[in-house]
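Following my numbering from start to finish, the sequence shown increments by one per residue and tops out at 446. For glycine and all other residues, C-beta sits at the position ideal for the given N, C-alpha and C.
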Amino acid sequence: MADTDPTGPVLDRDEVDRALARLGAEHEAIETSLLALQDHAGRRLLEGAQLTGLTAERWTTTEASITLLWTCFDAYTDVLRTARDIRSRRRWSSREDLTELTELLRGEPVTLAGGASAASGAPPAHGAPGRLSERYSLAGLVDRMNELYATSLDMVVAADAVWSALPARIDLLAAELHRTSRLAHSVGVRPGEHPAGDDLERITRTLTKLREQVVSDPLAFWKPAEGSSAPGGGRPDTTVYDREARALEDVRREIDAVLTVRQDAEKRIVRLRDVLSRADRTLAEARTARGEVLAKIAATEVPVVSGPPTALQEQLSTAAEYRRHAQWHRLSPLLESLEQKAEDELLRARESLTAVTAPLAVRAELRGRLDAYKAKVARYGLAEDSLLVERYEKARRMLWSAPCDLRAAEQAVLRYQQAAAELLGGTPRVPGQGGPEDRRGPGA
């Protein structure tokens with residue numbers, strides 16, 4: 003075969019036929035892809051949408067790329083048609099025909115004059131920026147079309163994926179937001195009156211703005227997949243949507259808490275009244291006991307008993323008022339605070355009563371110990387012993403007189419206990435050194 007530059011050796015008839023068959027199949031595949039892109043739902047939506055931001059910029063470029071893509075395809079179609087016409091002239095192609103076919107099939111028969119890429123706004127071919135014209139072989143033209151197709155499809159698929167995912171989810175969340183807002187309004191949770199009401203108002207504004215942005219600029223909510231070169235590789239960015247969905251869930255829980263308060267508010271208020279009443283009665287008992295202690299016990303410091311919990315009673319009255327006026331959003335936190343304070347108040351009242359009556363408990367314990375020792379010595383026939391009788395009477399007068407000096411009475415009981423132990427043959431015990439047994443009965 004003769005050589006022809008720059009296409010190389012002239013193709014023979016079989017090589018031409020095989021090349022035309024391959025190019026014909028390639029042409030059909032490209033045409034199918036272009037028609038699919040033309041009919042793509044995302045492309046149709048982009049054509050009719052009022053776009054802003056990044057999507058508007060990308061769509062301007064993509065539209066130019068699609069236009070250039072069809073221009074390239076038309077040129078490719080023309081060259082393929084010309085080659086087929088030459089091949090169909092005669093059954094056995096002449097050398098001139100084969101030379102012409104070789105130039106068409108292996109040369110650079112396509113010229114995009116005047117910088118078609120720059121004129122249309124499409125990105126320039128790789129490695130050929132700024133040229134006034136671009137020449138392509140059929141293989142180079144296919145590569146250029148593949149490049150334009152990939153970038154165009156990537157943009158169309160990304161926008162369509164965002165539009166398919168986010169607006170519907172936003173609408174569902176908005177419907178749930180509307181139901182929650184109506185429920186919140188029914189229990190008094192309103193903007194400016196309750197934090198949850200303010201949250202609902204903010205979520206409403208955010209979702210409205212989010213939907214507008216998603217519709218006009220879907221690519222602003224697209225996250226390309228790292229390391230992926232496939233068209234449409236990535237996923238919708240749902241960060242803002244997810245945040246507002248969580249915020250709405252928090253508000254729903256708050257509303258549920260308010261509804262729970264509405265259902266059992268009366269029972270909780272009754273329980274609070276009971277707890278505060280018990281605390282008040284306990285404090286009254288402590289005040290009475292303090293007067294008794296001061297009258298009956300000498301030289302003893304008795305703690306002061308506080309007055310009734312009037313502040314809590316006032317708050318409880320406020321809670322009842324909230325319930326009567328169905329102000330559940332205000333009643334909910336007030337009841338939670340009151341329940342803890344009421345329990346603390348009852349515990350404080352009980353501790354106060356215990357502290358006030360401690361001297362009477364000590365006196366009662368000394369009386370019991372004295373009588374126990376007397377019963378013990380009586381069982382051994384020593385009840386009439388003069389020393390024991392003297393010490394018993396002295397201790398008894400101290401314990402049963404008012405006011406009672408507990409320190410002196412305790413020493414008197416210990417002396418009686420010591421004398422009884424000596425008579426019973428036990429080891430005398432020094433007062434104050436017996437440990438816990440000093441306060442136990444004779445049977446210990």
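query: What span of residues does the beta strand (DSSP E) with residue 114 cover, start to end?; result: 112-114
query: Quick one, are the C-beta atoms of residue 107 and residue 155 less than 9 Å apart?; result: no
query: Only counting the same chain, and skipping five residues up and downstream in sequence, which positions put a Cβ closer than 6 Å to that of residue 357?; result: 305
query: Name the two residues that bound the continuous beta strand (DSSP E) containing residue 237.; result: 236-238
query: Is the segment 207-218 in contact with the segment 342-362, if contact means three or more CB pairs nearer than 8 Å?; result: no
query: Pair every Cβ in the segment 284-294 with every Cβ in the segment 242-261, then say whether three or more of these pairs are closer than 8 Å.; result: no
query: Based on the DSSP secondary-structure assignment, which residues constitute the bridge partners of residue 74?; result: Bridge partners of residue 74: none, in fact.
query: Can you tell which of 300, 313, 287, 326 has the C-alpha that lies nearest to the C-alpha of residue 307?; result: 287
query: To which residues of the same chain is residue 351 closer than 6 Å at the C-beta, ignoring the five residues directly before and after it?; result: 281, 284, 285
query: Using CA atoms only, rank isn't needed, just tell me which of 242, 236, 197 is closest to residue 215.; result: 242
query: Which residue wins for smallest C-alpha separation from residue 2, given the options 310, 101, 254, 64?; result: As displayed, the chain neither begins before 3 nor continues past 446, which places residue 2 out of reach and without an answer.
query: Taking just the CA atoms, how far does residue 44 sit from residue 19?; result: 39 Å
query: Going residue by residue through the segment 156-235, where are the continuous beta strand (DSSP E) segments of at least 3 residues, counting only ones entirely within it?; result: 224-226
query: Ordered along the chain, which non-local residues of its own chain (more than five positions away) have a Cβ less than 8 Å from that of residue 309?; result: 285
query: Could you check what DSSP says for residue 300 in three-state terms: helix, strand or coil?; result: strand
query: In this structure, what does DSSP give as the bridge partners for residue 137?; result: 113
query: Any heavy atom of the ligand NAP closer than 8 Å to the Cβ of residue 19?; result: This structure simply doesn't include the ligand NAP, nor any ligand for that matter.
query: Assign residue 325 to buried or exposed, taking buried as 16 or more other Cβ atoms, counted over all protein chains shown, within 10 Å of its Cβ.; result: buried
query: Between the Cα of residue 396 and the Cα atoms of 175, 379, 418, which residue gives the shortest distance?; result: 418
query: Look at the alpha carbon of residue 120 and the alpha carbon of residue 113, and state the distance between them as a whole number of angstroms.; result: Confidence is the limiting factor: at residue 120 the pLDDT is only 45, short of 50, which leaves the residue's position unreliable, though a coordinate-based value still follows. Their backbone Cα atoms lie some 14 Å apart in a straight line.
query: Whole angstroms are fine: how far does the CA of residue 71 sit from the CA of residue 146?; result: 8 Å
query: Can you give the Cα-Cα distance for residue 296 and residue 366, rounded to whole angstroms?; result: 16 Å
query: Who are the Cβ neighbours of residue 22 in its own chain at under 7 Å, not counting the five residues just before and after it?; result: 85, 86, 89
query: Can you tell me which of 303, 79, 277, 16 puts its alpha carbon nearest to the alpha carbon of residue 30?; result: 79
query: Determine the direct distance from the alpha carbon of residue 240 to that of residue 73, and round the result to whole angstroms.; result: 38 Å
query: Within 10 Å of its beta-carbon, does residue 177 have 16 or more other beta-carbons around it, so buried, or fewer, so exposed?; result: exposed
query: Run through the DSSP bridge pairs and tell me what residue 407 is partnered with.; result: 300
query: I'd like the ranges of any beta strand (DSSP E) spanning at least 3 consecutive residues and lying wholly in the segment 235-314.; result: 236-238
query: Quick check on residue 388: buried or exposed, where buried means 16 or more other Cβ atoms within 10 Å of its Cβ?; result: exposed
query: Does the segment 268-276 come close enough to the segment 316-323 to have 3 or more Cβ pairs within less than 8 Å?; result: yes
query: Can you tell me the Cα-Cα spacing of residue 245 and residue 160, whole angstroms?; result: 22 Å
query: For residue 459, I'd like the list of residues in its chain whose CB is within less than 7 Å of its CB, leaving aside the five on either flank, ordered along the chain.; result: The shown model of the chain, from 3 to 446, leaves out residue 459, and the question about it has no answer.
query: Excluding five sequence neighbours on each side, which residues of the same chain lie with their C-beta closer than 7 Å to the C-beta of residue 375?; result: 418, 419, 422, 444
query: When the Cα atoms are used, what is the spatial distance from residue 67 to residue 61?; result: 9 Å
query: Return yes when the Cβ of residue 414 is within less than 9 Å of the Cβ of residue 393, no when it is not.; result: yes
query: Specify whether the segment 330-343 and the segment 185-195 touch according to this definition: at least 3 beta carbon pairs, one from each stretch, less than 8 Å apart.; result: yes
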